[in-house]
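There are 2 protein chains.
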Amino acid sequence: MRDVAARAGVSTMTVSRALNEPGKVSEEMRERVLRAVREIGYLPNHLAGSLSSNRSTTIGLIVPSIDNSIYTQTVKGLSEVLKSSGFQLMIAESGYDPNEEEELITVFLSHRVSGLVLHSTEHTPQAAEKIRKSGIPVVENGNIPREPLDMVVSFSNYDASYAMTMHLGRLGYRKIAFASLYSVHNDRSQDRLQGYHAALRQLGLDPDPRIVLETERGLAAGAEVMARVVQSVPEVDALFCAGDVLVVGALFECQKRGWAVPGRIALASFDDVDLLRHVSPSVTTLRLPRYDIGERTARILLSRIMDGAEHLRGSVVDLKFELIQREST
Amino acid sequence: MRDVAARAGVSTMTVSRALNEPGKVSEEMRERVLRAVREIGYLPNHLAGSLSSNRSTTIGLIVPSIDNSIYTQTVKGLSEVLKSSGFQLMIAESGYDPNEEEELITVFLSHRVSGLVLHSTEHTPQAAEKIRKSGIPVVENGNIPREPLDMVVSFSNYDASYAMTMHLGRLGYRKIAFASLYSVHNDRSQDRLQGYHAALRQLGLDPDPRIVLETERGLAAGAEVMARVVQSVPEVDALFCAGDVLVVGALFECQKRGWAVPGRIALASFDDVDLLRHVSPSVTTLRLPRYDIGERTARILLSRIMDGAEHLRGSVVDLKFELIQREST
DNA sequence: CTGGATTTTGGTATCGGTAACAATACTATT
DNA sequence: AATAGTATTGTTACCGATACCAAAATCCAG
């Protein structure tokens, strides 16, 4: 930058202004500076800029696991909005471990990110304290937590799970099994389970621990769950797979065993991946606002960061989901 | 940091060393400093550190599209290795546009990333020039380009496509259709197409432009391609879907129409997603070293950055793929 | 044409660290 | 015990930008 200033015969301050606040510099100066920039091939140093101005243009994002396709839409939403405002995304994965998350938060804070997006809503007390102390805005967006750190943009896993279970009940299913991913350190899973139970109560159905299962991700796990449930509790007439692509594994298993869907057993899922519309029978599921979550998250963060919109602190955006009835129920 | 130094009664230099080069500081000092750090709740400022030392611990990654599950494994490999060395990942998407990519490279360079990972291997001349000028190490990992910018960690799309086409030929298929994603600004698609053609020549089969199609991503596109190919050229006996989950859409379409797979038509795919093993018939495909690519990319980058391993400049790591024969062919 | 208001430009300190070298304390050797 | 050698700590300058305030240039009404 020194070189640019020298070449253009102006001070570094003028160069800085020409680049960042073009309005505050005369037409002539601006052109002179820009020409010098081009001639020298000058590339501003963002680190120096951020350090000096005490503002940064990076946002930290922590997801439980990067190789999980359900986040990709959200990340895309985030990324697109942030990019249009010149912000950069730093991404890391916590492996569903709150301590790991705390560590990553520390790292991001030391990188002076100007905002944080957390997919998990379970945090260590120290993590919460560090964030509070740093004063930067945070958005949680995997769930609607009982005690938000700050802002929230999400749908309610509880409501969604409740809605689907109620839907199954209204369709006349009476022995509704429930499969989810492991709920340890996964409040999304926990809330889905609770929504399921609440709906059962509402429907006047008795909970049966034999048909409530937790498993790992993947098609094989879904198939395994399907087989186990039907064999241990033959009177089961529906299976609600509240996670990942479990339902597809379950469906394949039914096809293999010759169990009619929904004749023998109905199937419902949680996330509307493209696949569910194309399999046969097509699968009843919930359409979740994955992309919107990312987009809104970015917008609300940027409002806080750029416009200092303090009135948004602590705001909770509960985005709606949609239940899609298809052939499998 | 000033505060920490004061509290511990030492100079800032000693604090800096205690934190970053513990070996160069006496046991006693180290403890004194660490205690002060804890008491004050001091968080180092990475921006300042990087600026001062002219080293950073961030790596820039540019993928064509974030919401594409084929990258997630690679990103995971990258992320895990980088994290273990304290490096951070900045991710952005170029939307398959080289100009956009150039823009992002510029941004990353101004953030002083210490390395770049590019999934695309098609770049603007200016982008190449900027990278060269910056002197930072780069890894391309979506393909093996004819003229690498610097280092490459990938499998060969050409070889993989060639191998699968040859495989189909050896199995006796004579009218092999080929479907890929649009190849404009997508050298991976282009190379796959060339590999296909090379194999046809080797097999002594005539190319037929009517059965070489490009389409968009998604199941619907795969289904559409399937229907179109069979109807326009009934003698087709195999379809090689060289991209995304096209093959699944194609398979569903066959099931819907009652076309036996592989009786009426054989199906082969490019990427071994979990699904292909579980559908019926299971689908012949290529197992690509997605995770390994990320891992190796990270390792080779770190060698260059931390150990200054200049002998690695320009090295090309051609990771092997594996052809998995299943029921569909 | 002049004085004050306004716009444009520049000088200097500073952001929070680290590099490079200087100074001091400690060890080992003869 | 003296000296060279090594380990530890401190001093100072600087990384590359921006904030803050001062100075110069421009504008405009009276």
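Protein sequences appear in the order of chains A and B. Counting along the first sequence from 1, when you hit position 189 you're at 189 in my numbering, and nothing is skipped either side. Counting along the second sequence from 1, when you hit position 208 you're at 208 in my numbering, and nothing is skipped either side. Beta carbons are placed, not taken as given, at the ideal position from N, Cα and C, and that holds for glycine. These numbers come from a predicted model, not from an experiment.
CB of residue i within 8 Å of CB of residue j, strictly
i        : j        : result
Leu109/B : Ile62/B  : no
Pro64/A  : Ser94/A  : yes
Val152/A : Gly294/A : no
Arg174/A : Leu193/A : no
Val245/B : Leu219/B : yes
Val139/A : Ile131/A : no
Phe240/B : Leu168/B : yes
Leu116/A : Leu47/B  : no
Arg146/B : Ser56/B  : no
Glu224/A : Leu181/A : no
Ser53/B  : Ser69/A  : no
Interface flag, residue i vs chain A, CB-CB below 8 Å
i        : result
Arg228/B : no
Phe252/B : yes
Val75/B  : yes
His278/B : yes
Lys133/B : yes
Arg112/B : yes
Gly243/B : no
Glu31/B  : no
Asp97/B  : no
Glu93/B  : yes
Among the options, nearest to residue i - alpha-carbon criterion
i        : options                                   : result
Pro281/A : Leu267/A, Val273/A, Gly294/A and Thr165/A : Leu267/A
Pro98/A  : Gly314/A, Ala127/A and Gly195/A           : Ala127/A
Glu122/B : Leu276/B, Arg174/B and Ile144/B           : Ile144/B
Leu89/B  : His119/B, Leu118/B and Thr58/B            : Thr58/B
Gly222/B : Asn20/B, Arg264/B, Ser69/B and Phe178/B   : Phe178/B
Gly172/B : Pro262/B, His46/B, Leu43/B and Ser315/B   : Pro262/B
Arg264/A : Asp274/A, Arg38/A, Gly49/A and Met226/A   : Met226/A
Pro44/A  : Leu19/A, Arg35/A, Ser56/A and Glu31/A     : Leu19/A
Glu102/A : Thr124/A, Leu118/A, His119/A and Tyr96/A  : Thr124/A
His197/B : Ser53/B, Arg277/B and Ala242/B            : Ala242/B
Arg2/A   : Pro209/A, Tyr42/A, Ser328/A and His46/A   : Tyr42/A
Ser154/B : Pro148/B, Leu34/B, Gly142/B and Val10/B   : Gly142/B
Val37/A  : Lys24/A, Ser56/A and Arg17/A              : Arg17/A
Asp67/B  : Ala309/A, Arg290/A and Thr329/A           : Arg290/A
Asp208/B : Val236/B, Asn186/B, Ser114/B and Gln202/B : Val236/B
Ser328/A : Arg277/A, Asp307/A and Ser315/A           : Arg277/A
Three-state secondary structure (DSSP) of residue i
i        : result
Thr329/B : coil
Ala177/B : strand
Gly308/A : coil
Glu295/A : helix
Met29/B  : helix
Arg287/B : strand
Thr72/B  : helix
Met1/A   : coil
Ala92/A  : strand
Ala260/B : coil
Leu149/B : coil
Ser269/A : strand
Thr14/B  : helix
Thr43/A  : Strictly speaking, residue 43/A in this sequence is Leu, with Thr absent from that position. Looking at Leu43/A - three-state DSSP - the assignment turns out to be coil, as it is neither helix nor strand.
Phe240/A : strand
Glu322/A : strand
Val317/B : strand
Contact with chain B by residue i, beta-carbon distance below 8 Å
i        : result
Asn45/A  : yes
Met90/A  : yes
Leu109/A : yes
Leu168/A : no
Ile66/A  : yes
Leu51/A  : yes
Ala48/A  : yes
Thr72/A  : yes
Thr284/A : no
Gln255/A : yes
Asp3/A   : no
Lys320/A : no
Ser84/A  : no
Cβ-heavy atom distance, residue i to the ligand NAD, below 7 Å
i        : result
Val113/B : Absence of the ligand NAD is noted for the structure shown, with no ligands found whatsoever.
Notebook entry, point to check: For the region 279–297 of chain A against the region 315–325 of chain A, are there 3 or more C-beta pairs whose distance is under 8 Å?
Noted result: yes
Next item on the list: Report yes or no: do the region 224–232 of chain B and the region 244–255 of chain B share at least 3 C-beta pairs separated by less than 8 Å?
Entry: yes
Check: Hey, is the region 75–89 of chain A in contact with the region 297–305 of chain A, meaning 3+ C-beta pairs nearer than 8 Å?
Finding: yes
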